[in-house]
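Undergrad: In the order they appear, the protein sequences are chains D and L. According to the working numbering, the first sequence holds residues 1193 to 1327 in order. According to the working numbering, the second sequence holds residues -14 to 405 in order. What follows is a single structure, and I will ask about it in a moment.
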Amino acid sequence: MRYMMLIYSKEQPGGLEQEASQRNYVGHRALMDEAARKGIFVAAEPLAPTSSATTVRVENGKAVVTDGPFAETKEQLAGYYILNCESLDEAIEWAARIPTMCKGGEGCVEIRPLLGIPVRPELEVATGQAVAGNG
Amino acid sequence: MADVRSVAEAVFRQESGRILAGLIRISGSFDRAEEAMQEAFSTALATWPEKGIPESAAGWITTTAHRKLIDVVRRDNIWREKQTSLRYAAELAGFSPGPDLEDSLMNFPDDRLRLIFTCCHPALNQEAQIALTLRTLGGLTTPEIAKAFLLPEPTLAQRIVRAKRKIQEAHIPYEVPPTHLLPERLPSVQAVIYLIFNEGYTAASGDQLVRIDLCSEAIRLARVLCDLMPAEPENLALLALMFLHHSRRYARIRRGELVTLEEQDRSLWDQTAIREGLTLVEKALASGAPGPYQLQAAIAALHAQARTPEQTDWPQIAELYEKLLEHNPSRVIALNHAVAIAMSAGLEAGLKRIDDSGATGELNDYYLFHAARADILRRLNRPTEAAEAYGRALALATNQVERNFLDRRLRHLNRLSELG
């Protein structure tokens, strides 16, 4: 099952010191390489800070655009991993090793299973035939 | 007919955890397993009155439930969840009920251990862990659990549904964690069992009988845990601790009022439970550095061995609390430590310890802090300060039995001051 690991950390104005930033990068690189060697790596990437965030909400059929993230929280979404794990326990073990101080400070990782989208579900409903899905 | 029902109920209470655990392993689904088991019990109630109760009622239910499970899986085996269902179907294809099968189905101890670890998985919140454990392993029905926890039934049912859904959706594994994860996973299992016990033991409100039932249920679960992981001293200690507390169940409440350890009629203590507890403590303590349950059980054992309050080995109890604080620096343990110091090194020393711990002001809203202070002040013969502390404790306490106790102490002090 694919799990998305959402990294939340406290953003610091000005970002990390160079040395911490380097350490952080090396930590992520090593973890990503290990996951890739084990054949479970799907994707991972950092996000630009929330100062670059834009939120779009459709109200009465019209897109309302606002500056900033959709919710003001103590810790902000800073990046993600997608790993293919056997179970939640395996996902927890990996999540515990993700450096969470991407943009400064300590943080946490939220694990959410990815549900996947069945390939052409409408065909399946229409014909009652089993179609190989990726869920 | 009454016989049939009572036999079925007994099988349900004693064996449903075992049966369900096996069904979940095969089907990978709590819901299907429960459905199959319920159908097996319905079939028993429908056919036993005519055909007679089978010699091994539990075995009969187990085999029938496994047959029902095949039906349930086949019926559900439509396009939804194809792949996983296929896996179950493949496993079930190799399944042919026969005379030896009952035995092998009944004796798969790992199933229940898997089930305990899944129900108490840290990814579920603790309330859900408790409800799910009682429901699946404890053989308690949802209304029974709701009643015991003084909760509306829909709230509890919702809690169980959500927990089962999370297990399914997040793929919480149905397995005993590997050795390297045990140190972080076993404590959550022990905590759930101890919380079930405490719910029955401390909150002396609501239906008393139901509550004592919760204590027995927790003891039964701890026994299962000991059977399944006999080499784990903390499991033995947890069971011992509960036996030793449980031994005082008839002495600690008198006419609905809380009786302190010191004032309890010790002849009412259940000596069988004490013996069992003491044997377990010895066994648990034989193995090296003691963990938190071993320390708590050792403390309970020292209390249980004192024939009169004066014979209590307070210096050793104080020492044990000090070690316990290293494991778990919580405020309730710190207060207990201070009380043990008061009873061993002297009341003044104990009071100083309590006041030091309250110096930051963060215990001001904690009723036990004021109650413990009040008790030491009372013993020090400082009634005015004691009454003031009891008053503050009373303003903060919420449990009716505890409130009655504090109120009684306060009134007693006021009477004394009127006399003086």
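Just so you know, even glycine gets a beta-carbon here, dropped at the ideal spot from N, CA and C. Just so you know, these numbers come straight off a predicted model, no measurement behind them.
With a threshold of 9 angstroms between beta-carbons, can aspartate 1225/D be considered close to chain L, or not?
TA: Here residue 1225/D refers to the residue found at position 33 of the first sequence. Closer than 9 angstroms: no.
Undergrad: Alpha carbon to alpha carbon, how far is glycine 331/L from glycine 343/L? Give it in angstroms, no decimals.
TA: Position 358 of the second sequence, counted from the first residue, corresponds to residue 343/L. Position 346 of the second sequence, counted from the first residue, corresponds to residue 331/L. Roughly 19 angstroms separates the two Cα atoms.
Undergrad: Apart from the five residues on each side of it in sequence, which residues of its chain come closer than 7 angstroms, Cβ to Cβ, to serine 232/L?
TA: The sequence position of residue 232/L within the second sequence is 247, counting from 1. Excluding residues within five positions, the ones whose Cβ falls inside 7 angstroms are Trp254, Asp255, Ala258, Ile259, Gly262 and Ala289.
Undergrad: Whole angstroms is fine: what's the gap from phenylalanine 228/L's alpha carbon to isoleucine 204/L's?
TA: On the second sequence, position 243 is the one that residue 228/L refers to. On the second sequence, position 219 is the one that residue 204/L refers to. The alpha-carbon atoms of phenylalanine 228/L and isoleucine 204/L are separated by roughly 7 angstroms.
Undergrad: Alpha carbon to alpha carbon, how far is threonine 1258/D from valine 324/L? Give it in angstroms, no decimals.
TA: Walking along the second sequence from the start, residue 324/L turns up at place 339. Walking along the first sequence from the start, residue 1258/D turns up at place 66. Inter-residue distance for valine 324/L and threonine 1258/D is about 59 angstroms (C-alpha atoms, whole angstroms).
Undergrad: Just by C-beta distance, which residues in the segment 138 to 159 of chain L are closer than 7 angstroms to chain D?
TA: Glu154, Ala155, His156, Ile157 and Pro158
Undergrad: Which bits of chain L does proline 1305/D rub up against, with CB to CB less than 7 angstroms?
TA: Locating residue 1305/D in the first sequence gives position 113, counting from the first residue. The contacting residues are Glu154, Ala155 and His156.
Undergrad: Report the partner residues of threonine 1292/D according to the DSSP bridge assignment.
TA: Stepping through the first sequence from its first residue, residue 1292/D is reached at position 100. Bridge partners of threonine 1292/D: none, in fact.
Undergrad: For phenylalanine 1262/D, is the classification buried or exposed, using 16 other Cβ atoms within 10 angstroms of its Cβ as the cut-off for buried?
TA: Within the first sequence, the letter at position 70 stands for residue 1262/D. Result: exposed.
Undergrad: Give a yes or no on whether the minimum CB-CB distance between leucine 1198/D and chain L is below 9 angstroms.
TA: Indexing the first sequence from 1 puts residue 1198/D at position 6. Not an interface residue.
Undergrad: I'd like to confirm the pairing. Which residues does DSSP put opposite leucine 243/L in its beta bridges?
TA: What you label residue 243/L is simply residue 258 of the second sequence in a count that begins at 1. According to DSSP, which records beta bridges pairwise, leucine 243/L is partnered with Ile238/L.
Undergrad: Give the interface partners of leucine 1280/D over in chain L, defined as CB-CB distance under 7 angstroms, in chain order.
TA: Within the first sequence, the letter at position 88 stands for residue 1280/D. Those within 7 angstroms of leucine 1280/D in chain L are Ala108, Ala155, His156, Ile157 and Pro158.
Undergrad: From glycine 276/L to glutamate 219/L, what distance separates their C-alpha atoms?
TA: Looking up residue 276/L in the second sequence gives position 291. Looking up residue 219/L in the second sequence gives position 234. Going from the Cα of glycine 276/L to the Cα of glutamate 219/L covers about 7 angstroms.
Undergrad: Relative to the ligand GDP, is the shortest distance from any of its heavy atoms to the C-beta of glutamate 307/L smaller than 8 angstroms?
TA: Absent from the structure shown: the ligand GDP. Ligands present: none.
Undergrad: Closest to glutamine 114/L by C-alpha separation, out of Ala(-7)/L, Pro139/L, Val146/L and Pro300/L, would be which residue?
TA: For the purposes of this step, residue 114/L is taken as the residue at position 129 of the second sequence. Ranking Ala(-7)/L, Pro139/L, Val146/L and Pro300/L by Cα distance to glutamine 114/L puts Val146/L first.
Undergrad: Could you tell me which chain D residues have their CB closer than 9 angstroms to the CB of proline 162/L, listed as they occur along the chain?
TA: To locate residue 162/L, count along the second sequence from 1; it is residue 177. Correct list: Asp1281.
Undergrad: Could you please give the first and the last residue of the uninterrupted beta strand (DSSP E) stretch that includes valine 161/L?
TA: Residue numbering aside, residue 161/L sits at position 176 when the second sequence is read from its first letter. Per DSSP, valine 161/L is not a residue of any beta strand (DSSP E), being assigned neither H nor E.
Undergrad: In angstroms, rounded to a whole number, what distance separates the CA positions of methionine 328/L and leucine 1307/D?
TA: Mapped onto the second sequence, residue 328/L falls at position 343. Mapped onto the first sequence, residue 1307/D falls at position 115. Their backbone Cα atoms lie some 60 angstroms apart in a straight line.
Undergrad: Would you please verify whether the beta carbon of isoleucine 1366/D is less than 9 angstroms from any beta carbon of chain L?
TA: For chain D, the structure presents residues 1193 to 1327; residue 1366/D sits outside this window and is missing.
Undergrad: Hey, quick one: how far does the beta strand (DSSP E) through glutamate 138/L stretch, first residue to last?
TA: On the second sequence, position 153 is the one that residue 138/L refers to. Here glutamate 138/L belongs to no beta strand (DSSP E); instead the alpha helix (DSSP H) covers 138 to 154.
Undergrad: Examine chain D for any beta-carbon lying closer than 9 angstroms to the beta-carbon of leucine 100/L, and answer yes or no.
TA: Within the second sequence, numbered from 1, the residue matching residue 100/L stands at position 115. Output row for leucine 100/L: interface = no.
Undergrad: Out of Ala1255/D, Val1250/D, Cys1300/D and Ala1287/D, state which residue places its alpha-carbon closest to the alpha-carbon of alanine 1227/D.
TA: Numbered from 1 along the first sequence, position 35 holds the residue referred to as residue 1227/D. Nearest of Ala1255/D, Val1250/D, Cys1300/D and Ala1287/D to alanine 1227/D, Cα basis: Ala1287/D.
Undergrad: Taking 9 angstroms as the threshold (C-beta atoms), are isoleucine 1274/D and valine 1218/D in contact?
TA: Residue mapping note: residue 1218/D aligns to position 26 of the first sequence, counting from 1. Residue mapping note: residue 1274/D aligns to position 82 of the first sequence, counting from 1. No. Outside cutoff.
Undergrad: Residues in the same chain with beta-carbon distance under 6 angstroms from leucine 273/L, minus the five sequence neighbours each way, listed in chain order, please.
TA: Start at 1 with the first residue of the second sequence, and residue 273/L comes out as number 288. According to the sequence provided, residue 273/L is glycine. The question's leucine does not apply to it. Closer than 6 angstroms at the Cβ level, and outside the excluded window around glycine 273/L, lies no residue.
Undergrad: Suppose the cutoff is 6 angstroms on Cβ atoms and the five residues either side in sequence are ignored; what does the same chain contact list for valine 244/L look like?
TA: Start at 1 with the first residue of the second sequence, and residue 244/L comes out as number 259. Counting only Cβ-Cβ distances below 6 angstroms, and skipping sequence neighbours, we find Arg237.
Undergrad: Considering only residues of the same chain and omitting the five flanking positions on each side of alanine 57/L, which have a CB-CB separation below 8 angstroms?
TA: Taking the first residue of the second sequence as 1, we reach residue 57/L at position 72. One detail in the question is off: residue 57/L reads as valine in this sequence, not alanine. Result list for valine 57/L: Ser12, Arg17, Glu20, Ala21 and Glu24, in chain order.
Undergrad: Alanine 1214/D by DSSP, collapsed to three states: which one?
TA: Taking the first sequence and counting its residues from 1, one reaches residue 1214/D at position 22. It should be noted that the sequence gives glutamine, not alanine, for residue 1214/D. Helix at glutamine 1214/D.
Undergrad: How about valine 266/L and alanine 225/L: do their beta carbons lie closer than 9 angstroms?
TA: Position 281 of the second sequence holds residue 266/L. Position 240 of the second sequence holds residue 225/L. For valine 266/L and alanine 225/L, yes; Cβs fall inside 9 angstroms.
Undergrad: What span of residues does the beta strand (DSSP E) with threonine 1247/D cover, start to end?
TA: The count along the first sequence starts at 1 and reaches residue 1247/D at position 55. Where threonine 1247/D is concerned, the enclosing beta strand (DSSP E) stretches over 1246 to 1251.
Undergrad: Does the structure place the segment 352 to 365 of chain L close enough to the segment 390 to 399 of chain L that three or more beta carbon pairs sit under 8 angstroms?
TA: The answer is yes - the segment 352 to 365 of chain L touches the segment 390 to 399 of chain L, with three or more Cβ pairs under 8 angstroms.
Undergrad: Count the other CB atoms, across all protein chains shown, that sit within 10 Å of the CB of alanine 1240/D; report buried if there are 16 or more and exposed otherwise.
TA: Position 48 of the first sequence, counted from the start, is the residue given in the question as residue 1240/D. Label assigned to alanine 1240/D: exposed.
Undergrad: From the DSSP output, in three-state form, read off alanine 222/L for me.
TA: Along the second sequence, one-based indexing puts residue 222/L at 237. Of the three classes helix, strand and coil, the one that applies to alanine 222/L here is helix, per DSSP.
Undergrad: Skipping 5 residues on each side, what residues in its chain have a beta carbon closer than 7 angstroms to that of valine -4/L?
TA: By 1-based counting over the second sequence, the position of residue -4/L is 11. Contacts found: Ala42, Ala43 and Ile46.
Undergrad: Shorter than 9 angstroms from the beta carbon of leucine 401/L to some beta carbon of chain D?
TA: Indexing the second sequence from 1 puts residue 401/L at position 416. With 9 angstroms as the cut-off, leucine 401/L does not count as an interface residue toward chain D.
Undergrad: Take arginine 408/L and list the residues in its own chain whose beta-carbon comes closer than 6 angstroms to its own, dropping the five residues that flank it on each side.
TA: Chain L is shown only over -14 to 405; residue 408/L falls outside these bounds and no answer can be derived.
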